[in-house]
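With UniProt numbering, letter number 170 in the sequence shown gets 170, and the count goes up by one each step, no holes.
Heads up, the beta-carbon is just placed ideally off N, CA and C, and yes, glycines get one too.
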Amino acid sequence: MKIKRQNFREPFQILIDGTFCQAALKNKIQIKEQMPKYLMGEVQLCTTNCALKELESTKDLYGAKLILQRYQVRNWTNPHHYFVVTQDQEVTSGLKKIPGVLLLYIILNTIVLDKPSLCSVNHVQAVALREMVTPAQQQSINNLKEVQGIGQDGERQGKKRKRKISNPNPLSCLKKKKQTQLLKTEDKKKIRQRSIPKTNPKPLVVGRDVCFEGRI
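Below, the structure is given as structure tokens:
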């Protein structure tokens, strides 16, 4: 097992709550005997005041309370690396967001060590990367990221472009033509129209009398 790589050393600190004790009692699991065999090392079983107070409010968990009272009471601020042993799904979901926390629970009458959470895996990869890269190289990487506009999360951060002050449209600056010019063009069109010439009547000679066509 790769427990020691996470700075977990014997005796392993096992932090237990009432839900795990109740599941162990139901499945007839002897925690004190089976936990050292499962982790292949010496263990120290402990609990918290909050876990004990939680069992005091429920009479159905009296047997789990008797088991939990045998363990050493610790505070959450203790610097030791804990194995957290619980059947509470809400507690498990919250602890998976903390890197380096190992979780144990019971499935089908068997104690199971949960696989490392995604948060723990990312933390280990980040630590390994820092160990491989020297401070000078890391500074160069940060400078390149800043030049390329890449943030700490790896996403490119685009610079906000300032809107340039554009010149006005030259067509909008033209002066409007006066109405008099429109009138002149209309007069020219009238002049261009072809006028019909007036014709004088031709004279007709009938004998000695002269008369005009249309006038007798």
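C-alpha gap between residue i and residue j, whole angstroms
{"i": "Cys21", "j": "Met132", "result": "43 Å"}
{"i": "Tyr62", "j": "Leu55", "result": "7 Å"}
{"i": "Ile14", "j": "Glu90", "result": "19 Å"}
{"i": "Ala126", "j": "Thr110", "result": "33 Å"}
{"i": "Gly123", "j": "Pro99", "result": "The sequence shown places His at residue 123, not Gly. The straight-line gap from Cα to Cα measures roughly 6 Å."}
{"i": "Asn142", "j": "Gln34", "result": "49 Å"}
{"i": "Tyr82", "j": "Gly41", "result": "14 Å"}
{"i": "Leu108", "j": "Ala128", "result": "36 Å"}
{"i": "Val147", "j": "Val121", "result": "29 Å"}
{"i": "Val112", "j": "Leu66", "result": "23 Å"}
{"i": "Ser140", "j": "Asp114", "result": "38 Å"}
{"i": "Arg9", "j": "Ser57", "result": "35 Å"}
{"i": "Arg130", "j": "Gln138", "result": "8 Å"}
Which residues DSSP lists as bridging residue i, in chain order
{"i": "Thr48", "result": "Answer is none; Thr48 lacks a bridge partner."}
{"i": "Phe12", "result": "Val43"}
{"i": "Val85", "result": "Ile16 and Leu104"}
C-beta contact flag for residue i and residue j at 8 Å
{"i": "Leu95", "j": "Leu103", "result": "yes"}
{"i": "Gln87", "j": "Thr19", "result": "yes"}
{"i": "Leu68", "j": "Thr92", "result": "no"}
{"i": "Lys32", "j": "Leu45", "result": "yes"}
{"i": "Ile29", "j": "Ile150", "result": "no"}
{"i": "Lys145", "j": "Cys119", "result": "no"}
Selected residue, minimal CA-CA separation from residue i, among the options
{"i": "Arg74", "options": "Gln137, Ile16, Lys145 and Gly149", "result": "Ile16"}
{"i": "Pro11", "options": "Val147, Thr134, Pro36 and Ile107", "result": "Pro36"}
{"i": "Ser117", "options": "Leu108, Val101 and Leu129", "result": "Val101"}
{"i": "Asp60", "options": "Leu25, Lys32, Leu45 and Cys50", "result": "Leu25"}
{"i": "Arg70", "options": "Tyr82, Phe83, Val84 and Asn49", "result": "Asn49"}
{"i": "Val43", "options": "Val84, Ser140 and Gln148", "result": "Val84"}
{"i": "Asn27", "options": "Arg9, Thr58, Ser57 and Ala64", "result": "Ala64"}
Cβ-heavy atom distance, residue i to the ligand ATP, below 7 Å
{"i": "Leu68", "result": "The ligand content of the structure shown is nil, which means the ligand ATP is not present either."}
Where residue i falls, given that 16 or more other Cβ within 10 Å makes a residue buried
{"i": "Ala23", "result": "buried"}
{"i": "Ala136", "result": "exposed"}
{"i": "Leu39", "result": "buried"}
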